[in-house]
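Q: The structure's right below; bear with me while I get my questions together.
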Amino acid sequence: MDSSRSSPLTFDLSVVIRRPPRAVFELLADIQDAEPIPRSATVRMVKDPAGPTTVGTRWHERVKIAPFTWFHVESVVSEIEPPYRLAMDFRSTWLTGHLTYDIEPIAGGCVLHHRERVRARPFVRWLQPMFERGMRPQIVRRLADIKEILEGPS
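Position one of the sequence shown corresponds to residue 4 (my numbering), numbered consecutively onward.
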């Protein structure tokens, strides 16, 4: 077996946002109110339970990937340190992974770091290179949209 196919995909991307860490954290902690991100996506997201985001908060997400075809993702918050970190584990039929948003204060705003590890489930592991090619541009678009939501259009 090719060991590279069983290694998780890793993404470490970031964007500078001219807003304080608390504003970025608050958006991420209630991201369901801002979806769809990226703006071109068709997303339905429900936070459970409603109210403040804490360890154990869940998001039930459906993303339309083709006509009459929805991709389901279940996420659960695994770590939270307002206003600097929000981390979650996620799973779907095809993928499992872990996402950490680290928010680093800088002069005039902050840097939002998107750090994600993703592993294709065994029955679709052969598709992992395709997942990587598709995910990286989606993450870049997502970060650009988060920046635009918080700063307004450039």
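Using N, Cα and C, we set each Cβ at its ideal position, and we do this for glycine too.
So Thr45 and Lys67 are supposed to be a Cβ contact under 8 Å. How far apart are they, rounded?
A: So it is a contact: roughly 4 Å between Cβ atoms.
Q: Could you check how far apart the C-beta atoms of Ile20 and Lys150 are, in whole angstroms? I think they sit under 8 Å.
A: So it is a contact: roughly 5 Å between Cβ atoms.
Q: Report the residue from Glu154, Leu31, Glu64 and Glu135 whose alpha carbon sits nearest the alpha carbon of Thr57.
A: For Thr57, the nearest C-alpha among the options comes from Leu31.
Q: Taking only three categories from DSSP, how would you classify Ile152?
A: Residue state, collapsed to three classes: helix.
Q: Using the C-alpha atoms, what's the distance from Ile40 back to Pro156?
A: Distance between the alpha carbons of Pro156 and Ile40: 15 Å.
Q: Can Leu12 and Arg94 be called in contact, C-beta distance under 9 Å?
A: Contact: no.
Q: Roughly how many angstroms separate the alpha carbons of Leu98 and Asp148, rounded to a whole number?
A: Cα to Cα, the separation comes out at about 23 Å.
Q: Which one of Met133, Arg118, Pro125 and Trp73 has the shortest CA to CA distance from Met91?
A: It is Arg118 whose Cα lies nearest to the Cα of Met91.
Q: Under a CB-based cut-off of 9 Å, is Thr96 close to chain D?
A: In the structure shown, chain D cannot be found, because there is only a single protein chain.
Q: Spatial neighbours of Ile83 within its chain, please: CB distance less than 7 Å, with the 5 preceding and 5 following residues excluded, ordered by chain position.
A: Same-chain partners within the cutoff: Thr56, Thr57, Val58 and Leu89.
Q: Going by beta carbon distance, what residues of the same chain come within less than 6 Å of Arg65, once the five residues before and after it are set aside?
A: So the list reads Arg47, Trp73 and His75, once near-sequence residues are dropped.
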